[in-house]
Amino acid sequence: MTTDKPSRSPFGSSFYIANIMEIFERLAWYGFFTVSSLYMTSPILQGGMGFSDEQRGFLQGLVPFCIYLLPALTGALGDRYGYKKMLLLAFAMMTPCYYLLGQVSSYSAFFLAFMGVAIGAGIFKPLITGTVTHATNDSNRSLGFGVFYMMVNVGGFLGPVIAGIMRDTSWDMVFIMAAVWIAINFIPVTLFYRDPTAEIRKNTPAKPLKDILIEMREVLGNGRFALLVFPILIAFMLPGTKLISESFAYGFIASWLGLNLVWHILAPKAGTHWYSSKIKMGNKPFLLLILILSGFWLVYMQIFITLPLFIRDYVDSSDLVMFANSIHAGFGEAASFVNVPQLTTAITALASQFDYSQENSFHKAYLELTNYNVRIPKEVLQAHLPSLSALSQAEISTLATQWANDYRQFKPEYIAAVNFGSIVLLQVLVSALSARFKTFYVIISGALMIASSYLLLANSEAGAIVSGALAVAALLIFSLGEMMASPKQQEYVASVMPKDKAAMYQGYLYTASAIGFLFAGKLSGWGYNKWAVEANEPANFWLLCAAIAFITALALWLFNSFAAEKLEQSQHSSKLVNNLA
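Under my numbering, residues 2 to 582 are what the sequence shown spells out, in order.
As structure tokens, this is what we get:
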């Protein structure tokens, strides 16, 4: 006798509305974030911000950190006040802030606008996934989230491509387009979106903030633990803003650790207030897993914030330009567009910008010109730059046109889009194949794949140029590693936790992403400037990233061998105590 499987329920309108809004939000985010490194470090003459790599790294670490920490609070606010109201608030914040990112000229103003985007995205993130959860059931939830994840990557693929077209006109258009994508979402959320929490709020009171804090204490730790950790994280990042020095930051961290140690020793075992209590960590095996996985997300983020710079500065993508031209001349022209008037102005400025009697001046000039989507061989620069002051403006314009034709490059954001495109095409196949293996081994294999991709990027001698084809190959290997490891992390937590706590722990697993992204910005800003810009040895940066990925894979193997069982036992013991109570 056989039992037929229950038929899969069709998706309702709320599911499709949620996916539409997700696509437009991802178009805005990835359209900006994929080119954010280029924009922030491009010279003001070209329309960029002219920030240092350290300043850029601080912003690119802090903003994703906030986006991935806020959902613990904003998700609860959505349950209390309604998804629809909170989504409207998110769009009302992101629309003007995306626009302002392209209008402001100071670091502080850019920081405030970027944080506005972060808060809006932090509100949007849990509500849209919550909508998909409410719009699906046990019969179609797996497929529903598969479709949703695909829509994320559709937006991730199209966003950089459209942004690349927009910046041919001006950088401002990238941000105007991002604001337009978000503004479009006012239409579906206002006219068609049905708040899935409306009926629930009528019959069930929202979870009190006190209960949320109790959950956080159970998983992460008490208020004293948070007070210890967060100032250290912020102090570690602040030198990137140039507001404080490295020595001051490290001095503060040492003093703060010492103060909290004394505070902990003197505090009573059962303090009457949170601030008079001893430091208490939450679920220690889970915190260890978060710490290890933060290493994965640290190296993962480099593909978005460092690789575009590396492609711009150290990848000779003329082979990709030739390939694009073989498909269609218009495609090749669009993918390697050079603004000749801007390049002419930049070459004119180079005549008096550097002292060409110094050898490193040619390297600085080379890096300056890569901002204009051309890669001029250093021997060509050495032949022309010392005599630029003797050329007329017409002759410099002719030289700029010649260099644009001979040395144009494939846009970094188009190469980066390979990551999203490959996920759209291959994620279902990779997920099906990886389902045959143990979850933790798949995560470890994914980390090793990412390490291998960075080793491929490091496969060059000091200052050597990597080909466009090799960069694409490294990106494809990275994408396979991402497809293996990223979804499996949530799956692992869901499989080892009791069902009544799985969703809670899956939510707090995003803390690993937040911490990893925070330190990723620091690593990118400091490491790329130290090895690529100053030392002309970018391979060392990728070797460091590969080493971190390998160490993460080793730590995951050790965790699986010695600590995973403790994680499972701690939860089953907790559940047993609750049942007995």
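In this text, a Cβ means the ideal position worked out from N, Cα and C, and glycines have one as well. This structure is a prediction, so every number in the text was calculated from the model and none was measured.
Contact annotation: the region 315-333 does not touch the region 557-570, with fewer than three C-beta pairs closer than 8 Å. Fewer than three pairs of CB atoms, one per stretch, sit closer than 8 Å, so the region 52-60 makes no contact with the region 177-196. When secondary structure is reduced to three states using DSSP, V105 falls in the coil class, being assigned neither helix nor strand. The C-alpha of L344 lies about 6 Å from the C-alpha of Y373. Residue range N361 to T371 is occupied by the alpha helix (DSSP H) that includes Y367. In this structure, L289 and A513 do not form a Cβ contact; the two beta carbons are roughly 11 Å apart against a cut-off of 8 Å. Nearest neighbour of E334 by Cα position, chosen from N406, Y31, I177 and A91, turns out to be N406. F518 is the residue among G222, F518 and P309 whose C-alpha sits nearest the C-alpha of I68. About 7 Å separates the beta carbon of Y84 from that of G131, a gap short enough to meet the 8 Å contact definition.
Inter-segment contact for the region 487-497 and the region 261-275 is absent: fewer than three beta-carbon pairs are separated by less than 8 Å. When rounded, the separation of the alpha-carbon atoms in D356 and S246 is 29 Å.
If you compare the alpha carbons of L128, C98, L46 and S107 with that of F115, the shortest gap goes to C98.
In this structure the region 30-50 lies against the region 297-313, because at least three pairs of beta carbons, one per stretch, are closer than 8 Å. In this structure, the straight-line span from the alpha carbon of Y100 to that of R81 is close to 30 Å. With 16 or more other CB atoms across the displayed protein chains lying within 10 angstroms of its CB, E23 is buried. In the three-state DSSP reduction, S562 falls in the helix class (H, G or I).
The closest CA to that of Y150, considering only L294, T170 and V133, is found on V133.
Short of 7 Å from the beta carbon of A418, and not among the five residues preceding or following it, lie these beta carbons of its own chain, in chain order: F158, P161 and V162. A Cβ-Cβ contact shorter than 8 Å links T75 with G123. In the DSSP annotation of this structure, the continuous segment of the alpha helix (DSSP H) that includes Q56 starts and ends at D54 to L70.
Annotated three-state conformation of R9 is coil, per DSSP. For Y301, the uninterrupted alpha helix (DSSP H) run begins and ends at K285 to Y301, by DSSP. Contact check between the region 422-442 and the region 377-393: fewer than three CB pairs, one atom from each, fall below 8 Å, which does not count as touching.
Setting aside the 5 residues that flank it on each side, P44 is surrounded in the same chain by G51, A347, E369 and N372, each with a C-beta closer than 8 Å to its C-beta; the list follows chain order. For M282, the beta-bridge partners assigned by DSSP are G222. Spanning the alpha carbons of L321 and K567 requires a straight line of approximately 50 Å. A Cβ-Cβ separation of about 14 Å leaves A474 out of contact with F411 under the 8 Å criterion.
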